[in-house]
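Participant: My structure is below; once you've seen it, I'll send some questions.
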Amino acid sequence: MLAAAAGGCGLKNKQKLAAHQRWCETRARVIASVGAEHLKVGDLDKAADSAKQALSLAPSCVPARVLLAKVLLEKGRYAAAAEALRGCQSDAPENPEVPYLLGVAHEKRKQYAEALRQYQKACALDPSNDAYVIASAEVLVAQGKAALALELLESRLERIDGGVPMLLLAGELAMMVGQPVKAAGLYRRCLDAERDYKEKVSWVYIMMGDCYLASRRVAEARGAYEVAVRIDPGDAEIWLCLAKAALAGGDPSAAAKAARRALALKGDSLDANLLLACALLAQDRPEEASKLLLRAAQADPRNATVLCMLGRCCQALGKKDQAVSYYLRALRSDPDHPLAKHLLAGIELGGSQGRR
């Protein structure tokens, strides 16, 4: 009887202990969820307190350990974040967030090979999550493997439409590896993927314009910049882009107009002054261009590009000696300046041919 009673008492104690552990685990999860809300609004200290409180109740609570790791990552304590996640992969082998956060911790410590391994593990657990694929691509870029990163994203984009973050990264990588036409197509897909971008977000059109300009598709570049400037007419940089495209397309009048709009918005813009001077020169108005450049030279007397442009104005006015003087000054300022070398070589070649 006593043995049976003792056995029954032991069973009850085990049941009580198991019930208490379940209660602690449930309570810990609730506290961790409250901490996650603190983290969302940027209150790291309260989030950390919630994580520690939850772990004091249930040391193996995965949501609490994940929360603590996120707080530590936000605070830049990457090794501590990895330590907080230790054992989580065995306790929650199906949770893709655990290897993803481990990947972040390793990436921040420049341990790229291990970061990539963890990101790939997260991808395998949740193939539908674009963030894990993007993270893998970014690590490949950090390893100097931009082409491989682009290949990874393209293989993904062949199967799905892709969200804007993935399309933007793929476009950036396409430009990085010297494929501007492909990049423009990817940015175009951003517009198709996000309706709010169409006629509303100027920077996507700027990037498309840059891609088209790099691939010498000047008319398309100009069209993209024109949309961008309609969206954001107060941005001087977009007017500069439009001026460059107009010059490249042989329309100096439109280039001058765009450059003047940029100057009206940003009067001290050297680029706007240079573009306007180029447009004036292209319209056979070297005296006006020269006056503009002399003011720019006063502000920055050692700027080699300004000196080269002044030399071009002198050449157009038939003042060869002054042109040579400006080119030499440009080379003294920047001995490797390619435009100065080219212009000086051209004027010397012209002189030697004339003597023959």
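For the sequence shown, my numbering assigns the number 365 to the last residue and increments by one with no breaks.
All C-beta atoms in this analysis are idealised placements derived from N, C-alpha and C, irrespective of residue type, glycine included.
(1) Would you tell me roughly how many angstroms separate the C-alpha atoms of VAL39 and ASP54, rounded to the nearest one?
(2) Reducing DSSP to helix, strand and coil, say where PRO189 ends up.
(3) Can you name, in chain order, every residue of its own chain whose Cβ lies under 7 Å from the Cβ of ALA93, other than the five neighbours on each side?
(4) LYS130 to ASP52, Cα distance in whole Å?
(5) Distance check for THR314 and ASP277, CA to CA, integer angstroms please.
(6) Below 7 Å between beta carbons: does that hold for GLU176 and LEU159?
(7) Measuring alpha carbon to alpha carbon, tell me which residue in CYS199, SER342, ALA140 and SER262 is nearest GLU181.
(8) Would DSSP call ILE40 helix, strand or coil?
(9) Quick one: give me the first and last residue of the alpha helix (DSSP H) that LEU407 is part of.
(10) So, does the region 248 to 267 touch the region 285 to 294, judging by three or more C-beta pairs under 8 Å?
(11) Quick one: using the 10 Å Cβ neighbour count with 16 as the cut-off for buried, is VAL50 buried or exposed?
(12) Out of curiosity, what's the CA-to-CA distance linking CYS323 and PRO295?
(13) Counting only runs of 4+ residues fully inside the region 131 to 170, write out the alpha helix (DSSP H) ranges in chain order.
(14) Rounded to whole angstroms, what is the Cα-Cα separation between PRO223 and ALA325?
(15) With 16 as the cutoff for other CB atoms within 10 Å, does GLY187 come out buried or exposed?
(16) Roughly how many angstroms lie between the CA atoms of LEU283 and ARG231, to the nearest whole one?
(17) Would you call the CB atoms of ALA37 and ALA63 closer than 7 Å?
(18) Under three-state DSSP, which class holds GLN362?
(19) Does the distance from the CB of ALA273 to the CB of ALA281 come in under 7 Å?
(20) Using DSSP with H/G/I as helix, E/B as strand and the rest coil, what is GLY194?
(21) Tell me whether the beta-carbon of GLY172 lies closer than 7 Å to the beta-carbon of ASP139.
(22) With a threshold of 7 Å on Cβ separation, who are the neighbours of ALA57 within its own chain once the five nearest residues in sequence on each side are excluded?
(23) Take the Cβ of ILE169 as the centre, count every other Cβ of all protein chains shown within 10 Å, and call the residue buried at 16 or more, exposed below.
(24) Is the beta carbon of ALA298 less than 7 Å from the beta carbon of ALA286?
(25) Could you have a look at ARG74 and say whether DSSP puts it in helix, strand or coil?
(26) Which residues in the same chain have their Cβ closer than 7 Å to the Cβ of THR35, if we skip the five residues on either side of it in sequence?
(27) Buried or exposed for HIS351, please, with buried defined as at least 16 other CB atoms from any protein chain shown within 10 angstroms of its CB.
(28) Reducing DSSP to helix, strand and coil, say where ARG86 ends up.
(29) I'd like to check one pair, CYS33 with ALA67: are the Cβ atoms closer than 7 Å?
(30) Look up LYS25 in the DSSP assignment and say whether it is helix, strand or coil.
(31) Figure out for me which residue from GLN30, ALA308, ARG86 and ILE215 has the closest Cα to the Cα of PRO242.
(32) Below 7 Å between beta carbons: does that hold for TYR121 and VAL148?
Facilitator: Based on what the coordinates show:
(1) 18 Å
(2) helix
(3) ARG74, LEU77, ALA78 and LEU81
(4) 30 Å
(5) 16 Å
(6) Residue 176 is actually Leu in this sequence, not Glu. No, the Cβ-Cβ distance between LEU176 and LEU159 is not below 7 Å.
(7) CYS199
(8) helix
(9) The requested residue 407 is not part of the displayed model; the chain covers only 10 to 365.
(10) yes
(11) exposed
(12) 8 Å
(13) 139 to 151 and 155 to 166
(14) Reading off the sequence, residue 223 comes out as Ala, not Pro. For ALA223 and ALA325, the distance between alpha carbons rounds to 29 Å.
(15) exposed
(16) 19 Å
(17) yes
(18) Below a pLDDT of 50, predicted positions are generally treated as unreliable, and GLN362, at 48, falls in that range; the measurement from the model is reported next regardless. It is helical.
(19) no
(20) helix
(21) yes
(22) LEU77 and VAL80
(23) exposed
(24) yes
(25) helix
(26) none
(27) exposed
(28) coil
(29) yes
(30) helix
(31) ILE215
(32) yes
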